[in-house]
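Protein chains in written order, with the working numbering: chain A, -12 to 199; chain B, 2 to 131.
C-beta atoms are modelled at their ideal positions from N, C-alpha and C, and glycine is treated no differently.
Keep in mind the model is a prediction, meaning the values are calculated, not measured.
Below: one structure, written as C-alpha cells.
Following this line, the structure appears as C-alpha cells:
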C-alpha cells in the first residue's frame, strides 16, 4: 500500500504541475494564457524523446530505449511467472527442440528463467541510463521543475528495479544450489508480486512521462 | 500469483490452444504495448489519412493503461481466482490515490492559495480567541 502511495504522490504532483505548464500541446490547442509565445513553451521529457516532439531532438532512436524497456519489463514479468510455474509443477517435462538445451531439467529451468529475468531487469537499468545521458546532454537537467519531477519519478522506479535485481541475485543463487520446488516456491512467488508491481508502476509512468 | 485450478476462460483457452492463461496474457500485453508505442510514433493511422490527434493519443494511453494494468494484476499477480479479500486489500489504496489525484493532481494552479472560505481555517482569529 505504501508503495502505491509513493508512486501516486509522484504521479499526482506531475499532473498538478503539468496542467499548469504551457506545453506544446496546450499551446497548439490554444489552452495557454493570453500573451504566451511559442518561446515560453515548457519542454517535457517526452518533447525531447518523442519523434516530432517540441524540442526537435526526438526521433526513432531516442524513443527506442523507453519502448524497449517497456517490452523488457513485460517479458521479465512473464519469465518470473514461468520460473514459479516450473518450480511448483509436479510433472514438469523438458521442452522439445532448441529450448531443451536451455531448460534440460526442472532445477536448471527455474534458474535460467530467473537469470533471464535478471538480464532483462539489468537491461532496463542500462537503457534508462543511456536515455538519461541523452536527456542531460540535450539540456533536460534536474535543475528545472519538469526535469526534477521526471528524474525523481523515473529514478524511484529505477531504484525499485535495482532493488529487485539484488533480490534476484539471491534467488538465482538459491535456485542454483538448493533449488526450488513445490514446497519452497513461495520465495519466487512473493518476489514475483513485487516485480509485477514494478511493472504495474511502469504501465503508468511510461505513458505519462515518456509519451504524453 | 498462487497456482490454482484453471476455470472459465483460463480452462477454455487451455483446452482450445494447449497454452495457459499466462501465455495468452503475455501476448495481449505485448500487443497493447505495441499499440501504445505506435500511437506516439505515428502521426496518422498507417494506411489512412486520419490524423492521430492529442485526444486520440490520450484515449489510447488511458484505455491501454487500464487493459495492461488489469492483465498484470488479474493474471500475473493472480488476483483473479484468489479470495476476494486480496483484491479488496489491493484496491484499498486506490481510494486514496483517487483522492490524491483529484485533490492535488487535478486541482487548479491556485488551489492551495485560494481555497474556498468554508475549508480555510481562520487561523489568526483562532489563535486570538485562544
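Proximity below 8 Å, CB of residue 37 (chain B) to CB of residue 61 (chain B): The count along the second chain starts at 1 and reaches residue 37 (chain B) at position 36. The count along the second chain starts at 1 and reaches residue 61 (chain B) at position 60. Yes, Cβ-Cβ distance for residue 37 (chain B) and residue 61 (chain B) is below 8 Å.
Cutoff 7 Å; reference residue 179 (chain A); Cβ partners in own chain excluding five residues on either side: Along the first chain, one-based indexing puts residue 179 (chain A) at 192. Excluding sequence neighbours, residue 179 (chain A) sits near 67, 68 and 71.
Rounded straight-line distance, which links the Cα of residue -11 (chain A) to that of residue 97 (chain B): Within the second chain, residue 97 (chain B) is the residue found at index 96, counting from 1. Within the first chain, residue -11 (chain A) is the residue found at index 2, counting from 1. Residue 97 (chain B) and residue -11 (chain A): Cα-Cα distance of roughly 11 Å.
Residue 27 (chain B) versus A:115, A:64, A:16 and A:2, residue with shortest Cα-Cα distance: Residue numbering aside, residue 27 (chain B) sits at position 26 when the second chain is read from its first letter. The candidate whose alpha carbon is nearest that of residue 27 (chain B) is A:64.
Supposed close pair residue 198 (chain A), residue 41 (chain B) - CB separation, criterion 8 Å: Within the first chain, the letter at position 211 stands for residue 198 (chain A). Within the second chain, the letter at position 40 stands for residue 41 (chain B). The Cβ separation is near 5 Å, so the contact holds.
contact_flag[the stretch 77 to 89 of chain A, the stretch 155 to 167 of chain A] where n(CB pairs < 8 Å) is 3 or more: no
Residues sharing a beta bridge with residue 11 (chain B), DSSP: Numbered from 1 along the second chain, position 10 holds the residue referred to as residue 11 (chain B). Note: residue 11 (chain B) sits in no beta bridge, so no partner.
Under 7 Å from the C-beta of residue 69 (chain B): neighbouring residues of chain A: In the second chain, counting from the first residue as 1, residue 69 (chain B) sits at position 68. In chain order: 190.
Helix, strand or coil at residue 45 (chain B) according to DSSP, with G and I counted as helix: On the second chain, position 44 is the one that residue 45 (chain B) refers to. Residue 45 (chain B) falls in the strand class under three-state DSSP.
Which listed residue (A:57, A:7 and A:131) has its alpha carbon closest to that of residue 32 (chain A): Residue numbering aside, residue 32 (chain A) sits at position 45 when the first chain is read from its first letter. The residue with the shortest Cα to Cα distance from residue 32 (chain A) is A:131.
Neighbour flag for residue 35 (chain A) against chain B, beta carbons, 8 Å: Against the first chain, residue 35 (chain A) aligns to sequence position 48. No, no contact with chain B.
Local Cβ density within 10 Å of residue 119 (chain A), reported as buried at 16 or more and exposed below that: Translated into positions along the first chain, residue 119 (chain A) becomes position 132. So residue 119 (chain A) counts as buried.
Residue 120 (chain A): first and last residue of the uninterrupted alpha helix (DSSP H) it sits in: Within the first chain, numbered from 1, the residue matching residue 120 (chain A) stands at position 133. 93 to 124 is the extent of the alpha helix (DSSP H) around residue 120 (chain A).
Chain-order list of residues whose beta-carbon lies under 6 Å from that of residue 147 (chain A) (same chain, five-residue window excluded): If you number the first chain from 1, residue 147 (chain A) lands on position 160. So the qualifying residues of the chain are 185.
8 Å Cβ cutoff, residue 138 (chain A) in contact with chain B: Here residue 138 (chain A) refers to the residue found at position 151 of the first chain. No, no contact with chain B.
Beta-carbon proximity check, residue 114 (chain A) vs residue 56 (chain A), cutoff 8 Å: By 1-based counting over the first chain, the position of residue 114 (chain A) is 127. By 1-based counting over the first chain, the position of residue 56 (chain A) is 69. Yes, Cβ-Cβ distance for residue 114 (chain A) and residue 56 (chain A) is below 8 Å.
Residue burial classification, residue 48 (chain A) (beta-carbon count within 10 angstroms, cutoff 16): For the purposes of this step, residue 48 (chain A) is taken as the residue at position 61 of the first chain. It counts as exposed.
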